[in-house]
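Residue numbers (full-length UniProt numbering), protein chains in the order written: chain H, 1 to 308; chain V, 1 to 308; chain B, 1 to 308; chain U, 1 to 308; chain L, 1 to 308; chain C, 1 to 308.
Backbone N, C-alpha and C define an ideal beta-carbon position, used for all residues, glycine too.
Bear in mind the structure is a predicted one, so any value in this text is a computation, not a measurement.
A quick write-up on the structure given underneath.
Number of protein chains: 6
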Amino acid sequence: MSTNTYPEALRTTIKALSNENSYKSVCHHHYPDQPMPSMQVMEEIVDLVREIIFPGYFGGSPARPASIEYYIGVNVELLYEKLRQQIFAGLCFGCDDADRFEIAAGKKQATEMAIQFISQLPDIRYLMSTDVEAAYLGDPAAKSRAEVIFCYPAIRAVTNYRIAHALLELGVPLIPRAISEMAHSETGIDIHPRAKIGHSFTIDHGTGVVIGATSIIGNHVKIYQGVTLGAKSFPLDEKGNPIKGIPRHPIVEDNVVIYSQATILGRITIGANSVIGGNVWITSNVPPNSKVIQEKWRSTGFVGGDGI
Amino acid sequence: MSTNTYPEALRTTIKALSNENSYKSVCHHHYPDQPMPSMQVMEEIVDLVREIIFPGYFGGSPARPASIEYYIGVNVELLYEKLRQQIFAGLCFGCDDADRFEIAAGKKQATEMAIQFISQLPDIRYLMSTDVEAAYLGDPAAKSRAEVIFCYPAIRAVTNYRIAHALLELGVPLIPRAISEMAHSETGIDIHPRAKIGHSFTIDHGTGVVIGATSIIGNHVKIYQGVTLGAKSFPLDEKGNPIKGIPRHPIVEDNVVIYSQATILGRITIGANSVIGGNVWITSNVPPNSKVIQEKWRSTGFVGGDGI
Amino acid sequence: MSTNTYPEALRTTIKALSNENSYKSVCHHHYPDQPMPSMQVMEEIVDLVREIIFPGYFGGSPARPASIEYYIGVNVELLYEKLRQQIFAGLCFGCDDADRFEIAAGKKQATEMAIQFISQLPDIRYLMSTDVEAAYLGDPAAKSRAEVIFCYPAIRAVTNYRIAHALLELGVPLIPRAISEMAHSETGIDIHPRAKIGHSFTIDHGTGVVIGATSIIGNHVKIYQGVTLGAKSFPLDEKGNPIKGIPRHPIVEDNVVIYSQATILGRITIGANSVIGGNVWITSNVPPNSKVIQEKWRSTGFVGGDGI
Amino acid sequence: MSTNTYPEALRTTIKALSNENSYKSVCHHHYPDQPMPSMQVMEEIVDLVREIIFPGYFGGSPARPASIEYYIGVNVELLYEKLRQQIFAGLCFGCDDADRFEIAAGKKQATEMAIQFISQLPDIRYLMSTDVEAAYLGDPAAKSRAEVIFCYPAIRAVTNYRIAHALLELGVPLIPRAISEMAHSETGIDIHPRAKIGHSFTIDHGTGVVIGATSIIGNHVKIYQGVTLGAKSFPLDEKGNPIKGIPRHPIVEDNVVIYSQATILGRITIGANSVIGGNVWITSNVPPNSKVIQEKWRSTGFVGGDGI
Amino acid sequence: MSTNTYPEALRTTIKALSNENSYKSVCHHHYPDQPMPSMQVMEEIVDLVREIIFPGYFGGSPARPASIEYYIGVNVELLYEKLRQQIFAGLCFGCDDADRFEIAAGKKQATEMAIQFISQLPDIRYLMSTDVEAAYLGDPAAKSRAEVIFCYPAIRAVTNYRIAHALLELGVPLIPRAISEMAHSETGIDIHPRAKIGHSFTIDHGTGVVIGATSIIGNHVKIYQGVTLGAKSFPLDEKGNPIKGIPRHPIVEDNVVIYSQATILGRITIGANSVIGGNVWITSNVPPNSKVIQEKWRSTGFVGGDGI
Amino acid sequence: MSTNTYPEALRTTIKALSNENSYKSVCHHHYPDQPMPSMQVMEEIVDLVREIIFPGYFGGSPARPASIEYYIGVNVELLYEKLRQQIFAGLCFGCDDADRFEIAAGKKQATEMAIQFISQLPDIRYLMSTDVEAAYLGDPAAKSRAEVIFCYPAIRAVTNYRIAHALLELGVPLIPRAISEMAHSETGIDIHPRAKIGHSFTIDHGTGVVIGATSIIGNHVKIYQGVTLGAKSFPLDEKGNPIKGIPRHPIVEDNVVIYSQATILGRITIGANSVIGGNVWITSNVPPNSKVIQEKWRSTGFVGGDGI
């Protein structure tokens with residue numbers, strides 16, 4: 001682009017885009033001099049947790065009694081540094097009133113939250129071990145638990161969920177949602193970090209699964225691809241904004257299996273030991289020990305052509 | 001691999017794969033000496049647009065009145081250079097008859113298309129601001145508009161769609177489709193760039209959404225994960241090839257909500273203010289103000305075991 | 001973090017996580033001194049195969065008769081080296097009894113498997129050319145075969161499937177599954193490498209498609225997004241583990257079309273030339289030349305509000 | 001490395017290296033929670049300055065009146081952010097007594113120093129333009145000023161020197177020395193940032209040039225490769241440490257030329273307009289307008305063999 | 001940096017640096033829309049040549065008769081593409097009058113120069129093989145020719161020189177100088193690409209060696225670190241610019257050895273079979289078969305202290 | 001480059017370069033299926049050693065008693081793995097007779113050498129601490145020991161030397177030389193790994209220093225830039241090859257200082273406590289307590305002009 005060919009339209013557009021009226025509703029004024037949350041660092045955090053929880057699988061740490069403590073020691077300290085930095089960035093991101101947000105207090109809070117999260121890692125590892133076991137036992141195509149840990153997308157998605165859930169329970173803003181969206185992008189599984197999920201949880205294949213924010217899932221539950229645990233329409237406040245925090249997603253009790261593409265909406269209960277067939281639309285309670293399937297399809301006879 | 005162990009089978013296979021009869025139907029002869037389209041540069045283009053539209057969120061540009069014009073100035077010029085290069089690469093890619101394609105004319109055309117696209121950025125930003133507002137108001141789990149912009153996959157997918165749509169309307173080949181496939185891979189949301197979509201458009205969760213090429217979507221429409229706006233079978237021409245360009249996807253009027261996994265096929269109309277329940281199969285018109293849901297499921301009673 | 005502020009909780013957690021009882025069920029003891037399988041190298045392998053099969057599209061190799069053999073020669077040799085390394089890593093990964101696994105024999109076996117795989121590349125290219133043709137003819141929105149090869153996710157997913165299937169047929173452990181999961185993550189299409197799929201196979205859009213391990217798919221089959229070819233519940237052995245290897249997924253005969261979100265479960269047969277409508281739940285045989293659609297939805301009349 | 005082959009010697013060595021007596025004299029306790037200086041960020045800083053000073057040569061910023069201010073605006077702001085961060089890191093690095101160092105005051109000081117440095121950039125650009133002119137006029141092999149700017153190592157070394165000198169004059173610790181060492185490594189030219197150097201300064205070839213900390217160099221001076229402006233032995237204080245800050249390097253007046261490998265030591269003066277021949281050893285004053293050369297060599301007659 | 005703390009000094013400096021009077025003498029207006037020369041691509045070019053010349057040492061190409069032609073075929077084609085691109089960039093860089101420079105003609109010329117250069121590669125390989133042999137025979141510390149090729153800096157510097165010399169002889173601007181500066185930075189050896197150097201040339205250690213543009217060096221010459229083959233002062237034209245192209249550097253005949261730090265200046269001849277001792281300053285002819293050494297040093301007796 | 005413009009000259013050159021007669025003297029046949037030595041991995045090895053020796057300076061490991069053992073544990077194990085791999089690659093590289101080289105024995109030997117090297121790290125750290133102390137005390141411009149460790153090139157070069165020397169003493173081929181060449185390229189200091197150097201060794205500035213393979217240097221020696229400890233001509237064997245291993249470089253006793261550009265050649269001794277002035281040429285013994293300087297230069301009177 002030569003000097004004399006700089007298109008005038010560029011300059012005009014630059015002016016228009018730099019006008020505060022144009023950008024004010026879609027821009028972000030971050031807290032002065034403090035770092036933005038970083039998707040890349042959050043990925044490093046998740047990778048570190050995965051490396052710590054599953055020794056010998058990821059990131060090059062060998063699982064060897066003679067030296068495992070060195071690796072876990074280094075990884076935990078790295079995790080601690082990155083995590084409190086990101087938590088602090090999340091606190092800044094969410095602060096509505098920069099004048100009242102205190103840097104020092106925010107750093108202290110971020111540090112405490114990071115420590116509390118790390119203290120839960122042994123429990124998270126235990127929960128994940130039950131999920132691995134359930135995935136292995138529930139899939140005749142699984143060759144070994146090692147294969148499940150190494151390459152099953154559900155394990156990846158549930159790991160991110162269990163990390164995000166623990167952070168959200170500690171009150172960390174933004175970061176939990178971002179971590180669950182990372183898994184959503186990689187696996188097509190969208191679990192809101194506020195959902196509560198018991199042990200021995202399995203998702204098979206998983207693409208398209210949605211588990212809403214106020215869902216409660218028991219133990220030994222298995223869900224197939226495309227299943228939605230969603231909300232019906234929700235009440236608005238006097239300003240027309242949705243009222244936050246109302247329980248609006250299903251409760252799924254222990255030992256339930258839900259087949260692919262089932263849509264289950266609203267604060268209803270799927271009773272224990274039930275089996276929900278694929279492609280059904282459920283907006284009311286299902287009692288325990290039920291088996292629910294779609295109305296049978298119609299055969300219309302062949303009409304030729306190669307489609308509908 | 002030592003000298004004397006080079007497997008003879010490699011050589012044989014190399015010969016077979018280098019035979020023109022083997023590769024002629026799956027190879028690409030690009031226009032001589034001109035660059036191929038690059039997925040990586042297209043990603044940089046989308047990142048630049050996102051950084052320009054949403055100041056302060058992505059790519060490190062702060063949103064600060066004192067300097068915002070510098071950042072937008074630099075980003076717009078970078079965008080201009082990369083975009084006209086990729087548009088030109090797309091024009092080369094698509095040229096059937098290299099002998100008749102003129103380099104200089106192609107470069108001029110690419111430059112003009114790039115300028116026209118950039119001139120639309122203020123409008124695209126405005127449209128995106130309505131989409132952000134709709135997503136925020138439509139999701140009780142959303143904490144803030146900032147969170148929506150920063151990590152909601154639907155905003156990512158709709159941004160790519162609005163970019164791709166603008167480019168396709170200008171007549172740019174290949175690049176629009178590639179940009180929409182990038183979002184498809186990241187979010188599971190597949191919006192054809194030729195579809196027409198009004199303002200204040202929301203997709204919740206989004207994995208598995210398909211919006212076909214001739215779809216027309218009004219304002220204030222909300223779509224959930226797994227929804228298909230697709231085509232029924234299509235007519236073939238005398239050579240057996242599908243006839244291109246026939247309207248074959250649904251029209252969705254203003255204020256419609258479509259729940260998860262609903263499949264809506266053919267050039268039918270979903271009337272304004274309607275609500276379409278999940279998992280339904282619709283191949284005929286739905287009048288305005290309708291509420292449509294699946295036939296109720298059957299409960300078959302408990303049969304034991306742990307599945308269907 | 002200063003010396004005197006190292007949180008005691010970190011040390012406690014490190015100790016807990018380094019305790020063998022904590023990690024023994026989720027750690028991996030790899031074969032001593034041998035490399036772990038690497039997702040990154042497997043991606044390079046898939047990229048090399050794609051570059052070899054589709055000359056001129058990917059990775060910078062031009063398609064030019066004067067030099068194509070040089071590029072294919074180099075790429076095949078690179079593929080050979082990386083592939084036998086990863087196959088060997090897969091053999092180590094899967095060896096249950098490190099004492100009985102023989103390094104030298106494993107390397108020889110990996111080398112032979114790599115050669116046998118490479119020898120099938122001309123056939124894989126031919127199959128892929130039929131898939132490209134089917135995708136082009138089956139999509140009115142497709143501008144050219146080149147566009148299909150360059151950016152259609154189904155071509156990417158089916159390429160990975162055909163690679164993984166060939167490796168699995170040769171007896172390679174782990175690597176096939178990892179390669180199919182790579183495509184699953186990128187495209188939302190989950191095809192088990194053990195499935196058998198004929199020529200001229202198309203998937204449109206594809207997000208959410210699941211094709212189970214013992215599925216058998218004929219020629220000229222077309223599948224839309226969200227379709228499941230899955231299993232019903234499966235028998236357990238006396239220890240409560242699922243019995244492996246029993247045929248449990250559908251057989252889909254030639255010329256079948258299956259619309260979006262259909263769920264087809266169990267060892268049933270969808271007869272040739274049938275059309276399966278979207279969102280249906282099928283657990284029994286469908287005779288040839290059938291057309292199957294969901295029970296019609298109910299219109300409940302408008303109830304106001306903006307959702308269900 | 002298998003579990004049972006972890007060499008005991010590793011563990012012993014790890015213990016020895018982790019013993020505080022072993023590492024206490026060679027370790028660095030950085031100020032708690034503050035960043036270390038980063039060679040990588042310092043390289044980015046130098047690259048930014050080079051891009052700002054020489055528009056159109058480095059880093060992709062074009063030199064185009066219509067948009068140059070955008071690029072300089074962005075680059076100056078980036079420079080400001082990186083520089084005050086590194087200056088602050090340098091202040092932390094150098095603080096002897098962590099208890100008395102105040103973070104907030106340090107950040108304020110770093111910000112002020114960064115602003116003062118940036119304010120000098122127009123002057124630094126002017127000085128560099130005289131250096132470029134001198135290099136071009138002084139080298140018959142130079143094709144153009146552009147070639148001099150683009151690839152002459154002396155310009156690179158003198159740019160780093162002028163940056164480092166300005167920072168050191170502002171009182172910045174560590175960073176100036178690190179920046180001059182970067183040039184030293186790239187070019188073999190070692191100019192201490194405390195040296196004072198006039199305008200129109202040239203170094204030809206340059207490898208091995210050393211210019212000590214208290215050197216004073218006039219205008220229009222030219223120096224060849226291997227020239228040392230060094231110190232003789234220096235006095236020690238009562239503890240045996242060298243006394244810092246005493247003038248101990250040469251003064252080189254205007255218009256002096258010094259040929260390759262000349263060694264000039266101590267606080268002596270090389271008078272204006274003098275020419276110093278190569279390989280001489282000078283430890284006393286040289287009056288203005290002198291020409292100094294080495295004693296003539298001896299020819300010893302040929303003694304056969306192929307060397308000394 | 002918050003909105004209200006953007007330092008006013010930044011804005012003032014940005015304005016000053018964006019003023020055309022400030023930057024006009026140090027900016028580069030590149031030929032519109034054409035690429036700048038790239039140091040990174042030039043490094044790739046040199047790496048490719050090194051990989052082609054020394055099969056099996058660099059870049060991963062194995063040296064195996066069964067496949068070597070594939071690797072050389074690919075590398076030569078890559079080299080051809082990168083080289084003609086950089087040569088063309090060099091032609092643009094050097095064009096004084098953009099109005100008269102013709103793009104198409106420039107591209108054609110660049111292509112021809114690239115082909116001519118590549119055609120010389122077998123000869124360059126032969127010359128390099130003599131240099132390797134000389135280095136091996138001339139260094140008692142060399143273990144093998146392989147070690148010489150793999151890690152001796154002189155081989156690296158002379159390879160760059162022989163590449164740069166061939167390009168400069170073809171008339172390529174800028175690129176040869178940039179390639180020789182790359183070696184200068186890596187090895188401290190500065191050989192002007194215009195110098196003429198015979199076969200079996202060795203440089204031992206090499207740091208600080210300077211070989212000027214009009215030097216002529218015979219066969220079987222060996223040079224040690226710090227040796228300068230330079231120019232005395234040179235005549236100026238009527239405008240005060242140095243007159244270009246006058247022979248002004250030494251001629252070194254066959255079988256000469258020059259020891260470290262010797263400075264040899266002017267268009268003089270060092271006769272065949274001579275040995276030049278280290279640290280001498282030579283500005284007049286040395287007859288063949290001479291041995292020249294520095295005047296003996298003086299011993300001044302010990303004066304205490306720890307230096308001069 | 002289009003199909004029909006592939007230059008015939010490329011093909012001809014490719015053929016010529018692929019001819020075994022052309023490449024046989026400059027190619028490397030590596031041991032089949034074993035890895036080549038890698039400059040990149042060797043750099044990682046040196047970085048790991050530097051991080052281990054100087055805690056808190058490099059690579060992000062903090063120096064904190066509570067966790068330092070974790071970091072050293074991990075870094076030592078990484079070092080062990082990389083080192084035995086590179087040592088093994090070096091053994092393969094050097095094996096003249098591939099038929100007689102035994103892989104298993106080579107791996108065992110490499111492992112033992114790696115362990116022995118690592119066991120010496122505490123001693124190497126101690127030696128380096130004396131070098132740091134000497135550099136700090138010997139340079140009035142040094143602000144602190146921390147600055148010396150962080151950015152003095154001599155510390156970098158001597159670290160590489162001490163690593164390389166220890167490896168060479170263990171009998172490792174190639175790798176030591178490559179490691180010393182890395183430092184040579186970065187700092188211009190070329191110390192042969194076979195040289196013997198005592199404690200408290202300093203090099204000031206350093207560019208151009210050469211220390212030959214059989215040099216012996218005592219304690220508390222200080223050397224300035226451009227100093228050569230080299231060899232005179234060396235005897236050839238009956239085949240004309242230099243005889244390896246003969247002592248041919250100087251012995252420098254304790255407490256000697258050698259100023260810049262001094263050239264000292266042959267198996268001579270510089271007696272303890274001597275001071276050698278710059279630019280001298282010494283080929284015979286210098287007794288202890290000597291001070292040696294160059295013959296005084298001649299002043300030739302001013303002759304005008306601007307150079308020699």
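Is residue i close to chain C, meaning its C-beta is less than 9 Å from at least one C-beta of that chain?
i     : result
G73/H : yes
Among the options, whose alpha-carbon lies nearest the alpha-carbon of residue i?
i      : options                          : result
P176/U : H28/U, G198/U, N219/U and A213/U : A213/U
E43/U  : A141/U, G59/U and A262/U         : G59/U
Are the C-beta atoms of residue i and some chain A residue less than 9 Å apart?
i      : result
N285/C : Of the protein chains in the structure, H, V, B, U, L and C, none is chain A.
If we cut at 9 Å on Cβ distances, does residue i have a partner in chain V?
i     : result
F93/H : yes
S2/L  : Note that S2/L has pLDDT 46, beneath the 50 cutoff, so the model's placement of it is unreliable and no number is given.
Is residue i near residue j, with beta carbons less than 9 Å apart?
i      : j      : result
T202/B : A154/B : yes
A114/H : L83/H  : yes
I197/V : V158/V : yes
Leaving out five residues before and five after residue i in sequence, what residues of the same chain have Cβ atoms less than 6 Å from its Cβ?
i      : result
V221/L : F201, V252 and V256
T3/V   : Its pLDDT being 44, under 50, T3/V is placed unreliably in this model, and the value from its coordinates should be taken loosely. Contacts found: none.
Kindly list the residues whose CB is nearer than 7 Å to the CB of residue i, restricted to its own chain and excluding five residues on each side of it in sequence; keep chain order.
i      : result
P247/L : T214 and R267
So, at 8 Å on beta carbons, what are the nonlocal neighbours of residue i in its own chain, with the 5 sequence-adjacent residues on each side left out?
i      : result
M1/U   : Summary for M1/U: the model assigns pLDDT 44, below 50, so the residue's position carries little reliability; its value from the coordinates is reported in the next sentence. Nothing listed; no residue qualifies.
Q34/H  : F88, A89, C92 and I103
S233/H : none
Does residue i come within less than 9 Å of chain U when only Cβ atoms are used?
i     : result
L79/H : no
Taking a Cβ distance cut-off of 7 Å, strictly less, list which residues of the segment 7-21 of chain H are near chain V, in chain order. Legend: CB atoms of the segment 7-21 of chain H lying less than 7 Å from CB atoms of chain V belong to residues P7, A9, L10, T13, I14, A16, L17, S18 and E20.
When you check each C-beta in the segment 256-267 of chain L against every C-beta of chain C, which residues fall closer than 7 Å? Y259, S260, Q261 and L265
Closer than 9 Å between beta carbons: that is the criterion. Which residues of the segment 190-202 of chain B meet it against chain H? D190, H192 and R194
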